[in-house]
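When you line the first sequence up against the working numbering, it's residues 1 to 387, in that order.
Here a beta-carbon is modelled for each residue, glycine too, at the ideal position from N, C-alpha and C.
Just so we're clear, the structure is a prediction, and the values are computed from it rather than from any experiment.
Have a look at the structure below before the remarks.
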Amino acid sequence: MPEGHTIHRLAGALDAGFGGQRVRVSSPQGRFEEAAQLERWVLARTEAAGKHLLITFTPDAQSDPEGPAARIVHVHLGLYGSWTFAGDPGFALAGAIGAPRLRVGEREEALAGSTRAVESSAGADGSADEDGAEPGWRAILPRPTTRLRLQGVSGLADLTGPTACELYDSSQRDALLQRLGPDPLRADADPQRFVDRVLGSRTTIGALLMNQEVIAGVGNIYRAEVLFRARLDPFVPGRELSAGIVRGIWDDLVPLLRYGARTGRIVTTQPEHRDIEARIVERSRGTLQNGEEHPDAVARERSFYVYHRQTLPCRICGTEIRSRDLAARTVFWCPRCQSVRSRRSPWTAQHPAGPWADPAGQAGDPGGRSDTGDAGPASAAAPAQIA
DNA sequence: ACCGTATGTGAAC
DNA sequence: TTCACCTACGGTG
1 MPEGHTIHRL AGALDAGFGG QRVRVSSPQG RFEEAAQLER WVLARTEAAG KHLLITFTPD
61 AQSDPEGPAA RIVHVHLGLY GSWTFAGDPG FALAGAIGAP RLRVGEREEA LAGSTRAVES
121 SAGADGSADE DGAEPGWRAI LPRPTTRLRL QGVSGLADLT GPTACELYDS SQRDALLQRL
181 GPDPLRADAD PQRFVDRVLG SRTTIGALLM NQEVIAGVGN IYRAEVLFRA RLDPFVPGRE
241 LSAGIVRGIW DDLVPLLRYG ARTGRIVTTQ PEHRDIEARI VERSRGTLQN GEEHPDAVAR
301 ERSFYVYHRQ TLPCRICGTE IRSRDLAART VFWCPRCQSV RSRRSPWTAQ HPAGPWADPA
361 GQAGDPGGRS DTGDAGPASA AAPAQIA
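Printed below as a string of structure tokens:
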């Protein structure tokens, strides 16, 4: 159940695992029959735009990914879609924190601990090339529901349950990018487009944040959480907000989403607002790198201020968190902290360098890519500064 | 076995 | 505003 951070993370994982490679492309389930057209094409690059994933294939390594021969697979995970990775140790998520994982998108579990990964009896299934090299991994059997399988020399990725998995041409890609609002995780994002849309709308800020034409990539968790961090009532119409408040929401989302893309999990609570135990790393499932925070360091139940915390006391004031339908989804908020009366400048305005800053060398725009690439565990090192 | 739920979207009413 | 859709999993019977 992904928001935009997951899709950027996936884009990085697919590029790391298959980028530049000739790959096997199939639809074990049969519901994406166009997969056959791409069999043994080259996965040129993967791009995330909001919650949309665009995987560009070319017939050979020399072809221009922007050229007319390129084909694009458009994937939207919807509520249920997920990718499952299997392959060499660290495959696709090499450089990620902790152990290699399965099931990016909906849930992640340790590769070694998976009991669902049925190994094929023929180890040669893992071979994607014809050079006779023995793969160091074994292909798992696809579930019957696997819509799309990508298989390279060092691993595979299975897609199940997507809302969309279809072939796009470049004009369809352009139309999609045109339709979407700015994505805080993309280098080409224009925050002013978001600010202008919000300030010009009578719709509530809580609904606007869920509208992908207003801002791309925010989902139900980030909506609730960023509004709490701004101490903003979800039901305030956009036009009643100041430009500074709206820009502050954007500026807060950037490091929050980057953190999510980098670690694979959403954490929005300030350390001082978590319970004391939360600062203790209960257990370690891998070697920490460069003193980086282990993703398990913040237990899920301490990661949010309001999401799914209805009836629980607010972490700040103790008032009972409320929930209510807004824009077809349930919004969660603290009626006291997020009342109009207590509205103030967002948290980032006071603390420009929060704990969500990327550790040095961990993330940044590797250049040449249209997305920020911070999802990419294997993305090039470049210091990413928070404005 | 069945039910409810889930970080989503878009078409139909 | 309601509904259908794509899937997996935990709880309940």
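When E320, P68, L253 and S323 are compared, the shortest CA-CA separation from P191 is found for L253. Using a 10 angstroms sphere on the CB of S171, the tally of other CB atoms stays under 16, which defines it as exposed. Around the beta carbon of R197, a 10 Å sphere encloses 16 or more other beta carbons of the protein chains shown; the residue is thus reported as buried.
Here D158 is buried, its C-beta having at least 16 other C-beta atoms within 10 Å. Given a length threshold of 4 residues, each whole run of the alpha helix (DSSP H) inside the stretch 148-181 is given here in chain order: 170-179.
Counting only runs of 4 or more residues that sit fully inside the stretch 198-274, the alpha helix (DSSP H) segments are 205-208, 220-229 and 243-263, in chain order. Sorting S154, R138, P313 and T163 by C-alpha distance to the C-alpha of T146 places T163 at the top.
If you compare the alpha carbons of R173, S154, T84 and L185 with that of R143, the shortest gap goes to T84.
Ranked by Cα distance from L232, the first of R302, R193, V306 and A261 is V306. By the CB criterion at 9 Å, I205 and I249 fall inside the cutoff. Short of 6 Å from the beta carbon of I316, and not among the five residues preceding or following it, lie these beta carbons of its own chain, in chain order: C337. Nearest to L227 by C-alpha distance, out of Q21, I140, T56 and L256, is L256. Across the structure, T160 and G200 are spaced so that their CA atoms are roughly 39 Å apart. By the neighbour-count criterion, in which 16 or more other beta carbons inside 10 Å mark a residue as buried, R149 falls on the buried side.
For G87, the secondary structure class from DSSP, reduced to helix, strand or coil, is strand. Excluding the 5 residues flanking it on each side, R274 has same chain C-beta neighbours closer than 6 Å at R302, in chain order. Take R202, set aside five residues on each side of it, and the residues of its chain with a beta-carbon closer than 8 Å to its own are P237, G238 and R239, in chain order. Looking at the backbone, the Cα of E3 and that of L141 are separated by about 28 Å.
Excluding sequence positions up to five before and after D183, its CB lies within less than 7 Å of the CB of G4, A49, G50, A189, A216 and G217, all in the same chain and listed in chain order. Boundaries for R22: no alpha helix (DSSP H) harbours it, and the DSSP string shows neither H nor E there. Counted as a single uninterrupted DSSP element, the beta strand (DSSP E) harbouring S323 occupies residues R322 to L326. Residue pairing by DSSP places P313 opposite E320 in a beta bridge. Only residues of its own chain outside the window of five on either side were considered, and among them S323 have a CB closer than 6 Å to the CB of T330, listed in chain order. Judged by their CB atoms, Q21 and V42 are nearer to each other than the 9 Å cut-off. Looking at the backbone, the Cα of N211 and that of G318 are separated by about 31 Å. Boundaries of the beta strand (DSSP E) around W333: R329 to W333. Annotated three-state conformation of H308 is coil, per DSSP. Taking each of A175, P313, R24 and R309 in turn and checking the Cα distance to F332, the smallest one comes out for R309. The C-beta separation of T56 from I72 comes to about 5 Å, placing the pair in contact by the 8 Å criterion. In the DSSP annotation of this structure, the continuous segment of the beta strand (DSSP E) that includes R45 starts and ends at V42 to A49. Between G12 and D88, the CB-CB gap reaches or exceeds 9 Å. By the beta-carbon neighbour count (other beta carbons within 10 angstroms, threshold 16), L79 is exposed. Between E33 and the set P335, C165, A187 and V75, the nearest pair of CA atoms involves C165. Per DSSP, R71 is one residue of the beta strand (DSSP E) stretching across R71 to H76.
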